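Going down the list, the sequences are from chains C and X. Going by our numbering, the letters in the first sequence line up with residues 1 to 371, in that order. Going by our numbering, the letters in the second sequence line up with residues 372 to 742, in that order. Even glycine gets a Cβ: it sits at the ideal position worked out from N, Cα and C. Note that the coordinates shown come from a computational prediction; the quantities given were computed from them, not determined experimentally. Heads up: the structure comes next, in structure tokens.
2 protein chains.
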Amino acid sequence: MRTALTELLGVEHPIVGFNRSPAVVAAVTNAGGFGVLAASVYGAEELDAQLTWIEEQTGGKPYGVDLLVPEKFVPGDPADLVASMRAQIPEEHLQFVRGLLEKYGIPPAPTVDHQHVAASLTTPGAVALLDVAFKHRISLIASALGAPPPELVARAKAQGVVTAALVGQARHAERQIAAGVDVLVAQGTEAGGHTGTIATMVLTPEIVDIAGDRPVLAAGGIADGRQMAAALALGAAGVWCGSVWLSSAEDVAVAAIKNKFLAASSADTLRSPTRTGKPARQLRTAWHDEWDAPGSPKPLPLPLQPMLVDDAWQRIDAAAEAGHEGALKLESFFVGQVVGSFRDIRPAGEITRQMAADCEQRVRELAGRLS
Amino acid sequence: MRTALTELLGVEHPIVGFNRSPAVVAAVTNAGGFGVLAASVYGAEELDAQLTWIEEQTGGKPYGVDLLVPEKFVPGDPADLVASMRAQIPEEHLQFVRGLLEKYGIPPAPTVDHQHVAASLTTPGAVALLDVAFKHRISLIASALGAPPPELVARAKAQGVVTAALVGQARHAERQIAAGVDVLVAQGTEAGGHTGTIATMVLTPEIVDIAGDRPVLAAGGIADGRQMAAALALGAAGVWCGSVWLSSAEDVAVAAIKNKFLAASSADTLRSPTRTGKPARQLRTAWHDEWDAPGSPKPLPLPLQPMLVDDAWQRIDAAAEAGHEGALKLESFFVGQVVGSFRDIRPAGEITRQMAADCEQRVRELAGRLS
């Protein structure tokens, strides 16, 4: 299909593949789609290595990056900010998480300190990430926290890099347009990760109507060619897919969670703030029952909640991967309602090509029904 | 568009117009769609009069009816059942509703006793409604409470009447198929009224994949031609629209609520059990804030909650229509997220024809983008 997105990015299929695994990003790009690295968990050095690897794999084909960049940079030392945030986590919450791990018998495990995620909220942290991103031949940069700061938009325009932003309501879109963003991603409530309450079917045409000439992508509920054709029918210039790649061979998620995804139905997700501090759709497991139980503390706001639970999740993932019964009960990850359609683990390139081919086939069938 | 639905029902457009106003049903049918009377609030005599009127208006064109028929008939006297149910409403709840009306200064008003709604849960009550429906030349009968009872399916098959049922999850669809239903309506979470949590974009293809040869209609999030084209792309044989007719001139809702709908955004609805006892999407107002406030009682189950609040809603509607400030704060009605797209009040026939024409136009545009 030819759309405003395929023309803007110079790709064959209007399919954006959003994933934290560089191998998925490269596979989607190599299959004629557009891979976007979900880079919010990476520090500057790691990001540099990942982008370099993607470029080696894709031989000049276009790709993009999605960073956790705050709307306004906070001056100050990243280490100081992290320390002051850690100090704000109440003892009640620390005890609750310790007690939860104990109750399910989760063994200790070596964990990685992700304090650079909170550090990226400061000017030096954010600038370091942007320096790495703009040093690479990215074609698109998306900002995951509200409207992008003017610094990001100015650098992108100067380098001819397209800016994109996810929106869950009309008023978000208006702020993004005011900030100068080029591409709006209308993300429906059925999507995995941080998402609002309005469904893709309603949100997409609503955003299209206020976006003017800007291409709008639909996100949420799109994992096959029928859903892609539906998104284009709604007026989208393409689809922004996240969850579907969790059923790809290249995705880095542990097998324990991939197996839970394969067994799940579309009714098995929920929007919960217990992982990041903001409502994010994920697989519903014993983890959520524990936080919902009477007497459990209320989740903290972002970024305190992820700082509180990050270590716990690394331990749960490791134990679940080793087949630990308690960890398998808790084990979860961000995923949209399309999880119910996962039947097998396939290469990301095959998913991309199949989705594009099925979408074209669907449009041909519909055209054949015109009176 | 020609689809399995247009062939099955002998209509021009695969658009079902579901509404409690006979005038909307007639207008949709006369415009080439298929009107379905939402008849769950009518007693047998009133239903008879409404169906007779629709038939006078539509000159032989097909239409259908949606009844509140329980999965299993409860033997016994309707009046006894109603009395025993009334006795189950706790004094705390009666006091809360009285206090709420007092707080907002809602004046008394003459109200209609809808006890026949609860009475229709008994064998004599349900049979009386079915007798009326099957005496008329209906082409389709939908049952609003779970799978239709065998009595209903047998009478429909004998008379060549199509049976339809709304489903919000795959397991509901399986029960409906086992009960012998002909048409499945996949109703997404964005829909108005009783609805589940899975979005139309995800639910529709999921139900299509298990429906076999049965036509599937998409419901929820469909109020224009783009959304209709999207529904067909998802594999639906047509659309089942409810909310959009609340913006039609023929709809019987009071102007007070229609004006609130015109001013609302897609973010202004919620799923709440405070009106019927089951989660139903409606416009969010002060009514919901009051029920959510600390110390408020939990809503009762269906059918106790509607028996509890029915009088109150008749008084609120009447006062809101007279411009009463407190009533306008509480005033609400069932509506889907598409409420954000309502721009003006139009004839239902015009809405039908426009949706069909825009859908065809959209499919033509998509076909022009094929590579």
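Mind checking which residues open and close the beta strand (DSSP E) that includes residue i?
i	result
C:Leu166	162 to 167
X:Asp437	434 to 438
X:Val396	Per DSSP, X:Val396 belongs to no beta strand (DSSP E); it is in the alpha helix (DSSP H), 393 to 401.
C:Ala38	34 to 38
C:Ile15	15 to 19
C:Leu370	Premise fails: C:Leu370 is in no beta strand (DSSP E) and is neither H nor E.
X:Ala589	587 to 590
For residue i, which residues of its own chain have a beta-carbon under 7 angstroms away from its beta-carbon, when the five flanking residues on both sides are left out?
i	result
C:Ala118	Leu81, Val82, Met85, Pro303, Met307
X:Gly567	Gly539, Gln540, Thr560
C:Leu8	Val162, Pro215
X:Gly497	Sequence check: residue 497 of chain X is Ala here, not Gly. Closer than 7 angstroms at Cβ, skipping near neighbours: Val440, Pro441, Phe444, Ser491.
X:Ala550	Ala518, Pro519, Val524
C:Val363	Ala229
Taking 8 angstroms as the limit between beta carbons, can you name the residues of its chain near residue i, skipping five residues before and five after?
i	result
C:Ala170	Glu206, Ile207, Ile210
X:Leu641	Arg652, Gln653, Arg655, His659
X:Gly371	With chain X covering only 372 through 742, there is no way to say anything about residue 371 of chain X.
From residue i to residue j, what does the alpha carbon distance come to, in whole angstroms?
i	j	result
X:Gln428	X:Asp622	16 angstroms
C:Glu360	X:Gly414	49 angstroms
X:Ala535	X:Val552	6 angstroms
X:Lys432	X:Pro665	52 angstroms
X:Gln421	X:Ser392	9 angstroms
X:Asp681	X:Gln708	24 angstroms
C:His93	X:Ala626	50 angstroms
X:Ala513	X:Leu376	15 angstroms
C:Ala322	C:Ile106	11 angstroms
C:Ala147	C:Arg175	7 angstroms
X:Ala590	C:Val41	38 angstroms
X:Gly404	X:Ile425	14 angstroms
C:Gly10	X:Glu522	60 angstroms
C:Thr123	C:Gly76	7 angstroms
C:Ala377	C:Met1	Missing from the structure shown is residue 377 of chain C; chain C here goes from 1 to 371 and no further.
C:Arg346	C:Ser247	7 angstroms
C:Ile257	C:Ala327	11 angstroms
X:Leu737	C:Gly225	14 angstroms
C:Asp213	C:Ile15	19 angstroms
Starting from residue i, trace the alpha helix (DSSP H) both ways and give me its first and last residue.
i	result
C:Gln88	Premise fails: C:Gln88 is in no alpha helix (DSSP H) and is neither H nor E.
X:Arg597	596 to 604
C:Phe261	255 to 263
C:Ile376	Outside the displayed range of chain C (1 to 371) lies residue 376 of chain C, so it cannot be described from this structure.
X:Thr647	X:Thr647 -> no alpha helix (DSSP H), and no H or E assigned at all.
X:Val483	Premise fails: X:Val483 is in no alpha helix (DSSP H) and is neither H nor E.
X:Trp616	No alpha helix (DSSP H) contains X:Trp616, which DSSP labels as neither H nor E.
C:Ala44	44 to 58
X:Leu654	It is not in any alpha helix (DSSP H) - X:Leu654 instead sits in the beta strand (DSSP E) that spans 651 to 654.
C:Ala4	4 to 9
Within its chain, find whatever has a CB closer than 6 angstroms to the CB of residue i; leave out the 5 residues flanking it on each side and keep chain order.
i	result
X:Pro668	Glu463, His464, Phe467
X:His384	Gly403, Gly404, Ala727
X:Arg686	Ile477, Ala480
X:Arg724	Ala402
C:Ser266	Gln337, Gly340
X:Pro650	Arg642, Pro644
X:Val436	Leu408, Ala410, Ala504, Ile509, Ile512
X:Leu471	Glu661
X:Ala594	Val615, Val709, Ser712
X:Leu741	none
Under 7 angstroms from any heavy atom of the ligand NAP, does the C-beta of residue i make it?
i	result
C:Gly168	Ligands displayed in this structure: none; no statement on the ligand NAP is therefore possible.
Listed from N- to C-terminal order along the chain, which residues in the region 535 to 564 of chain X have their beta-carbon within a distance smaller than 7 angstroms of any beta-carbon of chain C?
Gln540, Ala541, Gly559, Thr560, Glu561
My parser needs the alpha helix (DSSP H) runs of 4 or more residues fully inside the region 499 to 528 of chain X; what are they?
none
Could you list the residues in the region 466 to 482 of chain X with a C-beta less than 9 angstroms from some C-beta on chain C, going in chain order?
none
Looking at chain X, which residues of the region 219 to 236 of chain C have a Cβ within less than 8 angstroms of any of its Cβ atoms?
Gly220, Gly221, Ile222, Asp224, Arg226, Gln227, Ala229, Ala230, Ala231, Leu232, Ala233, Leu234, Gly235
Would you list, in chain order, the members of the region 201 to 212 of chain C that have their beta-carbon closer than 9 angstroms to a beta-carbon of chain X?
Met201, Val202, Leu203, Thr204, Pro205, Glu206, Val208, Asp209
Compile a chain-ordered list of the residues in the region 341 to 360 of chain C whose CB is closer than 8 angstroms to at least one CB of chain X.
Ser341, Glu360
Quick one: which unbroken alpha helix (DSSP H) runs of 4-plus residues sit fully inside the region 697 to 739 of chain X? Chain order, please.
719 to 738
Could you list the residues in the region 261 to 278 of chain C with a C-beta less than 7 angstroms from some C-beta on chain X, going in chain order?
Ser265, Ser266, Ala267
Could you tell me which whole beta strand (DSSP E) segments of length 3 or greater appear in the region 538 to 572 of chain X?
554 to 558
Any C-beta of chain C within less than 7 angstroms: which residues of the region 483 to 511 of chain X qualify?
none
Given a limit of 7 angstroms on CB to CB distance, which residues of the region 290 to 320 of chain C reach chain X?
none
The region 2 to 13 of chain C: which residues have C-beta closer than 7 angstroms to a C-beta of chain X, in chain order?
Arg2, Thr3
Along the region 698 to 711 of chain X, where does the CB come closer than 7 angstroms to a CB of chain C? Name the residues.
Gln708, Val709, Gly711
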